[in-house]
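Here is the structure we will look at.
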Amino acid sequence: GDSVTQMEGPVTLSEEAFLTINCTYTATGYPSLFWYVQYPGEGLQLLLKATKADDKGSNKGFEATYRKETTSFHLEKGSVQVSDSAVYFCALTGRDDKIIFGKGTRLHILP
Amino acid sequence: KAGVTQTPRYLIKTRGQQVTLSCSPISGHRSVSWYQQTPGQGLQFLFEYFSETQRNKGNFPGRFSGRQFSNSRSEMNVSTLELGDSALYLCASSSRVSYNEQFFGPGTRLTVL
């Protein structure tokens, strides 16, 4: 069945460092891909999405490109801030419309 | 516009009891989905309701059930609680039967003793 694999955390970076969180997927057909973010004590918020191959989603300085050839949707940000500390979830929706989340990657940004 | 609200925020129960959690979606949203979040299993889809009908269901035992009312508010019920049911239960709403964008509530933290 469909699945999402993302890098395990926690990931600890210094402020202004470059961030990459890897995400790969397995799915039949052409899933839609998402990154959600969960700040402490809150529910998930949609960060960005891409619905077809080569689409780039972007929001708040974060970017991810839908790569069908490598079945990947890596999250990147050029310069992280302390306020980016959160848990990041990669997700997909496949043919049956069910959303499947990765296990989440906890990100700590040090000042 | 008010966000998704969930009540209660925290709950402590003992094994064998049952529990009902409530979710009020964003005004105008007709789709409500429920998820269980645990450190070991991550986020797992429980079920989705749209216009009072269950549209999709995850791989959970029959002890987990839900319903949706005509005002789109939803409840989920867990009967015969087990220790492993301790989790954060998240509700999400969307304007249509589509997962392109879901809006999540803050969750209900259930602890089973």
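Just so you know, the sequences run in chain order A and B. Numbering (our numbering) for the first sequence: 6 to 116. Numbering (our numbering) for the second sequence: 452 to 564. Glycine included, C-beta positions come from ideal geometry on N, C-alpha and C.
Put simply, the CB of residue 526/B is far from chain A, with every gap to its CB atoms at 8 Å or more. Interface annotation for the segment 486-501 of chain B against chain A: 493, 494 and 496, criterion Cβ-Cβ distance under 7 Å. Listed along chain A is no residue with a C-beta nearer than 9 Å to that of residue 535/B; the closest approach is about 17 Å. For residue 517/B, the CB contacts under 8 Å within the same chain, skipping 5 residues up- and downstream, are 485, 497, 498, 500, 505, 525, 526, 527 and 528 in chain order. The shortest CA-to-CA distance from residue 503/B to any of 482/B, 453/B, 458/B and 489/B is the one to 482/B. With respect to the 8 Å criterion, residue 480/B and residue 537/B are not classified as neighbours on the basis of their beta carbons. The beta carbon of residue 505/B does not come within 8 Å of any beta carbon belonging to chain A, so the residue lies off that interface. Within the same chain, and ignoring the five residues on either side of residue 92/A in sequence, the residues whose Cβ sits closer than 6 Å to its Cβ are 43, 109 and 111.
Between the segment 27-46 of chain A and the segment 67-82 of chain A, the count of Cβ pairs shorter than 8 Å is three or higher; the stretches touch. Between the segment 95-106 of chain A and the segment 24-36 of chain A, the count of C-beta pairs closer than 8 Å reaches three or more; the two stretches touch. Cβ-Cβ distances below 6 Å link residue 58/A to 71 and 73 in the same chain, with the five nearest sequence neighbours on each side left out; the list follows chain order.
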